[in-house]
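One structure below.
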Amino acid sequence: MSYFMTDEQELLKQAVADLCMSPAAQAAIEADRAKGGFPRQCWDLLAENGFIGMSIPEEYGGQGQTVVSELIVSEVLGDFGYPALEALAGHELGCAVLYYWGTEEIKQKFLVPCAQGTKVCCGAATDPSGSFNMTEWGISYRIEGDEVVINGQKVVCTNADTADVKVIFGKEPNGNTQSCAFVVEKGTPGLGSGGQEQRLIPGTDDWGSIFLDDVRIPKSQMLTGSPASVNLWTALGFNNGALMTMTIGRTAMNLALKYTTDRTNSGRPLNQLQKVAHRLVDMGMVIDICRASIYTAGRLWDEGRYEESAKLSFMNKAYTTEQMCKVCHDAVVLHGAVGYNPATVVPVLNAMCVSTEIAECPPDILRDMIAQFYGIEPVWKAGRP
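In this note's numbering, each residue carries its 1-based index in the sequence shown increased by 850.
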């Protein structure tokens, strides 16, 4: 599907692939996997090669390229299973807040080093009560003179401990949506990390809780935005999440295709059985359909068609994660009994895919967001019964 990309973007795709296959990357991957936690060496390679801050303007430390170019980088990293991809996604969420809500002062102080990759950022949204259960969020703040004092907790946050710049999502008192964010620097008194939270599939990631106990920041580091702006730029993260999930599904399909080619039944490849062939075709169709929709959403954003892009991005996150869960399930089934053996990788991908369906927010919540584009107001919103 090269029609998605310009010649320059094709070169970008090849450059990311070359990095992933390079001896330097292979050494970094081996070292980071042995160490665990934040994949620092893999991260530094991305920064050195200019693959961080792709869609952030150059005056703010980024590469000044398109959202589509950012998707290309994520897709290639996903295809190669590059360890720093999840860290990059968490980083980009925090950077988006700094870029879309930040003042010029905030952008120069925090966004520039984050977009360059010399500092790591995180976007902490998930409250113990639930990501989108804003009416019951425990995060709170008060203003004392020129300072904001923050209390509360965030959980399952990517880059929770490592992040030099922690962007903490909040809401106004008695509010029902995430309408503000606090920029907190690592080492600020009262700021703590919960260490590494357990995951079903261990990986080279920093994934944990953030605690805020009377954390004081300057008022200038409390950022605010309207609900409309929240629903637009956050959609980019949902679309990128859909892309990452699609690469998991495609990897699972490729493994299933190889297995059913090598595995024979009465001397013939297993995938020559019509039922097996059709299941593989169904997997391929849905992967290519999802990919086309994901890149279309990116292109719409680059063209300034933000409402259309946001609507499609929400759809992509809901639909792609559900479909890739089925793709991974089918890949396990096509492997037969060995499909339950982690050595085949497919059951690991299956578990990973479920986590992406939950991440940020599950499809049911996304469907409520999509409903509003059709003029349907969800009855549960704002705490209504």
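Think of the CB as a built atom: it goes at the ideal place given N, C-alpha and C, for glycine as much as any other residue. Only a predicted model underlies this, so the values are computations on that prediction, with no experimental measurement involved.
The beta-bridge partner set that DSSP reports for residue 990 consists of 1001. Per DSSP, the beta-bridge partners of residue 1062 are 1002, 1041. If you draw a 10 Å sphere on the C-beta of residue 1111, you find fewer than 16 other C-beta atoms in it, and that means exposed. Inter-residue distance for residue 1122 and residue 1165 is about 34 Å (C-alpha atoms, whole angstroms).
Annotated as distal: residue 1201 and residue 1093, with beta-carbon spacing of 9 Å or more. The shortest CA-to-CA distance from residue 1048 to any of 1040, 886, 867 is the one to 886. Relative to the Cα of residue 1208, the nearest Cα in the group 1221, 984, 1169 belongs to 1169.
Sorting 956, 994, 937 by C-alpha distance to the C-alpha of residue 1010 places 937 at the top.
Restricting attention to 1195, 978, 1018, 999, the CA atom closest to the CA of residue 1182 is found in 1195. With contact defined as three or more Cβ pairs closer than 8 Å, the region 1096 to 1105 and the region 948 to 955 are not in contact.
Here residue 875 has 869, 892, 895, 932 as same chain residues with Cβ atoms under 8 Å from its own Cβ, once five neighbours each way along the sequence are excluded. One thing to note: residue 904 has its Cβ no nearer than 9 Å to the Cβ of residue 991. Pairwise C-beta distances place the region 1175 to 1191 in contact with the region 1126 to 1145, as three or more of them are shorter than 8 Å. Just measuring C-alpha positions, the residue of 1174, 1124, 1192, 1087 sitting nearest residue 943 is 1087. Contact check for residue 961 and residue 1018: beta-carbon distance about 16 Å, past the 8 Å limit, so the pair fails to qualify. Non-local beta-carbon contacts of residue 1126 in its own chain, meaning distances under 6 Å to residues more than five positions away in sequence, involve 1110, 1120 in chain order.
Straight through space, the alpha carbons of residue 1074 and residue 910 are spaced by roughly 20 Å. Note on the region 1063 to 1129: whole alpha helix (DSSP H) runs with a minimum of 4 residues are 1077 to 1112, in chain order. Comparing alpha-carbon positions, the option among 1147, 964, 913, 1154 lying closest to residue 1035 turns out to be 964. Fully contained in the region 876 to 960 are the following alpha helix (DSSP H) runs of length 4 or more, in chain order: 890 to 898, 917 to 929, 935 to 951.
At a Cβ-Cβ threshold of 9 Å, residue 921 and residue 1089 count as neighbours. Note on residue 1118: under 16 other CB atoms within 10 angstroms of its CB, so exposed under the neighbour-count rule. In this structure, the CA atom of residue 1139 is about 13 Å from the CA atom of residue 1095.
Counting only the Cα atoms, residue 971 lies some 27 Å from residue 1199. Our two residues, residue 1167 and residue 929, have alpha carbons roughly 18 Å apart in a direct line. In this chain, residue 974 is not harboured by any alpha helix (DSSP H); it is covered by the beta strand (DSSP E) spanning 971 to 974. The alpha-carbon of residue 954 is positioned some 21 Å away from that of residue 1082. Inter-residue distance for residue 969 and residue 1012 is about 9 Å (C-alpha atoms, whole angstroms).
In this structure, the alpha-carbon of residue 918 lies about 43 Å from that of residue 994. At least 9 Å separates the beta-carbon of residue 856 from that of residue 1152. Under DSSP, residue 1030 forms a beta bridge with 1020, 1074. Assignment of beta-bridge partners to residue 1008 by DSSP yields 1057.
Taking a C-beta distance under 9 Å as the contact criterion, residue 1000 and residue 956 do not qualify as a contact pair.
In this structure, 1008 is the residue among 908, 912, 958, 1008 with its C-alpha nearest to the C-alpha of residue 1206.
Taken atom to atom, the span from the alpha-carbon of residue 1069 to that of residue 979 is near 26 Å.
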